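In full-length UniProt numbering, the protein residues as written are 1 to 121.
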């Protein structure tokens, strides 16, 4: 068993409930961690025997380009698509941070974490 991760993926996107968020957008950081059995890849040096993190990045990027209201929903959509491509994954953790959310005070991030199998239906 092993873990493949992408950490600190940065996007400018337009997710949010408020009209200002939809117009101006915001900076987001996404971390994705997947757990899988990559013993065969370790032995054979074969990308087909593990998770291609460039594919994971493309899934995250495509969802960041389609505005939604809630980060919880965004994480769920990413989770679903990752599982479609890699159905044998043991676990997935997706952490989405919205930088400087418009709350009327100083806040570095709002953060949502979505996990498989716990949060998946």
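Don't be surprised by glycine CBs; every beta carbon is placed ideally from N, CA and C. Computed from a predicted model, the values in this text were never measured in an experiment.
Cβ-based neighbour list, residue i, same chain, cut-off 7 Å, excluding 5 preceding and 5 following
{"i": "residue 90", "result": "1, 35, 36"}
{"i": "residue 25", "result": "12, 13, 14"}
{"i": "residue 74", "result": "15, 63, 68, 96"}
Residues near residue i by beta carbon distance below 8 Å, same chain, minus five either side
{"i": "residue 59", "result": "78, 81, 82, 85"}
{"i": "residue 21", "result": "14, 15, 102"}
{"i": "residue 28", "result": "10, 11, 12, 13, 15, 64, 96, 97, 98, 99"}
{"i": "residue 88", "result": "36, 37"}
Cβ distance (whole Å) where residue i is taken to contact residue j below 8 Å
{"i": "residue 9", "j": "residue 57", "result": "7 Å"}
{"i": "residue 76", "j": "residue 114", "result": "6 Å"}
Sequence-distant residues of its chain with Cβ nearer than 6 Å to residue i (five each side left out)
{"i": "residue 32", "result": "6, 56, 94"}
{"i": "residue 41", "result": "49, 50"}
- Task: Entirely within the UniProt domain "Dihydroneopterin aldolase/epimerase" (4 to 116) and at least 3 residues each: give me those beta strand (DSSP E) ranges in chain order.
- Result: 26 to 36, 91 to 99, 109 to 116
- Item | Sufficient close CB pairs (3 or more, under 8 Å) joining the segment 68 to 88 to the segment 5 to 19 | yes
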